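Here the numbering used here runs 2 ahead of the position in the sequence shown, where the first position is 1. Quick reminder that beta carbons are idealized off the backbone N, C-alpha and C, glycines included. Here the structure is a predicted model, which means the values were calculated and not measured. A short worksheet on the structure shown next.
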Amino acid sequence: MSVIKVALLGFGTVGEGVYSAIQSHQAQLRKLLGKEVRIVAILIRDQTKERMIDANILVTTNFEDIIEIPDLDVIFEAIVGEEPGRSYLLQAIEKGIHVVTANKEMFANHGHELIQRAQENEVNIGFEATTAGGVPIIRTIKQLLQVNQITKIQGILNGTSNFILTEMRERKLSFADALQLAQNKGYAEADPTNDISGIDAFYKLMILSQLVINQQPNWSEVIIDGIKSITQEQIEQAEKRGQRFKHIAEISFNDHSLVASVQPIIVDSNHPLYSIEGVENAIAVEASLVGKITLQGPGAGKFATASAMIEDFVDIIQHSATKKRREYQSIK
Ligand SMILES: NC(=O)C1=CN([C@@H]2O[C@H](COP(=O)(O)OP(=O)(O)OC[C@H]3O[C@@H](n4cnc5c(N)ncnc54)[C@H](OP(=O)(O)O)[C@@H]3O)[C@@H](O)[C@H]2O)C=CC1
Ligand SMILES: N[C@@H](CC=O)C(=O)O
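Written as structure tokens, this is what we have:
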């Protein structure tokens with residue numbers, strides 16, 4: 003049986019999740035792809051950390067070791083920040099290697115460029131995991147809402163914020179304790195600044211905007227606020243009124259303007275996002291034919307994110323022979 007050779011960039015929460023998922027679902031992958039999926043190399047930053055990785059897999063801090071591997075089929079990218087992720091993926095694309103990324107900060111800033119280069123080099127790029135963890139919102143928009151005109155997206159796009167707000171209300175945890183718990187569970191970023199300041203949800207909203215209309219609003223015109231300043235007392239007062247704080251990202255696609263915001267909002271029990279709790283994300287999409295549809299599911303975490311990446315991977319391998327150009331520019 004021939005082999006699909008893959009490499010992982012990053013072996014943190016997400017990288018480890020992809021590693022485990024490939025091993026635990028090898029039989030299903032073989033059934034779907036007719037080949038063994040073999041992890042041949044993993045890029046990390048700190049050689050001194052102890053890791054449970056098979057001895058026959060190359061573990062390196064040098065990306066050159068990975069890009070030089072002969073016949074490498076796919077690179078999964080799960081490292082942090084705009085660089086070196088962008089440069090690594092550009093090099094992979096130039097070499098004809100398909101890429102799957104979870105890195106929303108990098109993709110919100112450079113997704114457009116990466117997709118263009120992928121097009122030129124006839125490789126595919128999967129980015130489902132960049133937005134809303136395990137919720138398949140990217141593929142829903144890309145493949146299932148191609149004719150519909152999307153007019154509005156509203157959602158909870160940061161699992162950590164929603165988890166913290168839920169823990170503060172339900173279990174009366176302090177902000178700091180709830181954040182610590184979100185970090186222990188692998189929901190929050192190692193540096194959680196972007197989670198609690200609204201920037202993480204903003205990046206995801208920008209990725210959705212690019213996907214829907216191949217354009218993003220002027221970033222400086224988007225209202226961005228996080229949950230940092232919400233107090234236990236405010237949460238309790240809202241609860242007494244039958245209301246909840248929710249961190250909501252929304253964008254309207256009007257004829258001549260894009261209006262976007264990311265901020266905490268107090269919602270009543272009849273609001274569609276009122277009952278979205280814990281690490282769950284939900285995204286409501288309003289579109290010309292279907293009306294309003296809402297997708298909900300785990301917005302962060304090891305296996306939720308690995309799920310999105312593995313599904314992207316399978317889709318890429320299954321369709322790489324026939325669908326060489328699946329980029330979002332072609333949608334609208
Ligand atoms: N956690 C989640 O639920 C989700 C995360 N994401 C995104 O996925 C990516 C990974 O997240 P997560 O796994 O949580 O992060 P972690 O901090 O847990 O892991 C990051 C991994 O990347 C490695 N790394 C970081 N920088 C470099 C570098 N410059 N060169 C080589 N390796 C590097 C680290 O190496 P080392 O181990 O040596 O420190 C570590 O293995 C991020 O972009 C994040 O925003 C997306 C969706 C959900
Ligand atoms: N830190 C992020 C992880 C997923 O994107 C979140 O909490 O949503």
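### Message
Within a Cβ cutoff of 6 Å, which residues of the same chain sit near residue 217, ignoring the five residues on either side of it in sequence?
### Response
Cβ within range, chain order: n/a, list empty.
### ligand 2 heavy atom lying under 7 Å from the CB of residue 83
no
### Query
How would you call residue 206, buried or exposed, if buried means at least 16 neighbouring beta carbons within 10 angstroms?
Residue 206 counts as buried, since at least 16 other C-beta atoms from the protein chains shown sit within 10 angstroms of its C-beta.
### Query
Do the segment 253 to 260 and the segment 187 to 199 make contact, defined as three or more Cβ pairs closer than 8 Å?
Look at the beta carbons and you see the segment 253 to 260 not touching the segment 187 to 199: under three pairs across the two are nearer than 8 Å.
#### Entry: Close Cβ partners of residue 292 (< 8 Å) along its chain, the five nearest in sequence each way excluded
Taken in chain order, the residues that qualify are 147, 150.
### Query
Would you say the beta carbon of residue 189 comes nearer than 7 Å to a heavy atom of ligand 2?
yes
### Task
Take residue 236 and list the residues in its own chain whose beta-carbon comes closer than 8 Å to its own, dropping the five residues that flank it on each side.
247
#### Entry: Alpha-carbon spacing of residue 134 relative to residue 159, whole angstroms
One alpha carbon belongs to residue 134, the other to residue 159, and they sit about 5 Å apart.
### Task
Indicate, with yes or no, if ligand 1 has a heavy atom lying under 7 Å from the CB of residue 141.
no
### Task
Assign residue 263 to one of two classes, buried (16 or more other C-beta atoms within 10 Å of its C-beta) or exposed (fewer than that).
It counts as buried.
### Query
Which runs of the alpha helix (DSSP H) fall wholly inside the segment 224 to 259 and span at least 4 residues, in chain order?
234 to 242
### Task
Go ahead and pull the three-state DSSP assignment for residue 62.
Residue 62 carries a strand assignment under DSSP once its states are collapsed to helix, strand and coil.
### Query
With a CB to CB cut of under 7 Å and the five nearest residues on each side skipped, what residues in its chain are close to residue 15?
188, 304
### Query
Which residue's Cα is closest to the Cα of residue 229: 7, 197, 81, 220?
Taking only the C-alpha atoms, the option nearest residue 229 is 197.
#### Entry: Any non-hydrogen atom of ligand 2 closer than 7 Å to residue 62 Cβ
no
### Query
What number of angstroms, rounded off, separates the C-alpha of residue 300 from the C-alpha of residue 284?
9 Å
### Query
Would you call the CB atoms of residue 11 and residue 77 closer than 8 Å?
yes
### Where the alpha helix (DSSP H) through residue 142 begins and ends
No alpha helix (DSSP H) contains residue 142, which DSSP labels as neither H nor E.
### Query
From 126, 271, 95, 211, pick the residue whose C-alpha is nearest to that of residue 152; which is it?
211
### Query
Between 38, 170, 155, 320, which lies nearest to residue 290 when the distance is taken from Cα to Cα?
155
#### Entry: Helix, strand or coil at residue 327 according to DSSP, with G and I counted as helix
With a pLDDT of 44 at residue 327, under the threshold of 50, the predicted position of this residue should be treated as unreliable, though the coordinate-derived value follows. Correct three-state label for residue 327: coil.
### Query
Is any heavy atom in ligand 1 found nearer than 7 Å to the beta carbon of residue 58?
Not so, every heavy atom of ligand 1 lies at least 7 Å from the Cβ.
### Query
Quick one: what's residue 294 bridged to in DSSP?
Residue 294 is bridged by DSSP to 288.
### Query
Measuring CA to CA, which of 19, 308, 213, 186 is closest to residue 142?
Nearest C-alpha to residue 142: 213.
#### Entry: Same chain, Cβ closer than 6 Å to residue 317, neighbours up to 5 away in sequence not counted
none
### Task
Please determine, among 40, 249, 70, 49, the residue with the shortest C-alpha to C-alpha distance to residue 62.
49
### Query
Would you call the CB atoms of residue 46 and residue 59 closer than 8 Å?
no
### Cβ-heavy atom distance, residue 46 to ligand 1, below 7 Å
yes
### Query
Considering only the beta carbon of each residue, do residue 34 and residue 6 sit closer than 8 Å?
no
### Message
Taking the beta carbon of residue 307 as the centre, do at least 16 other beta carbons fall within 10 Å, making it buried, or is it exposed?
### Response
buried
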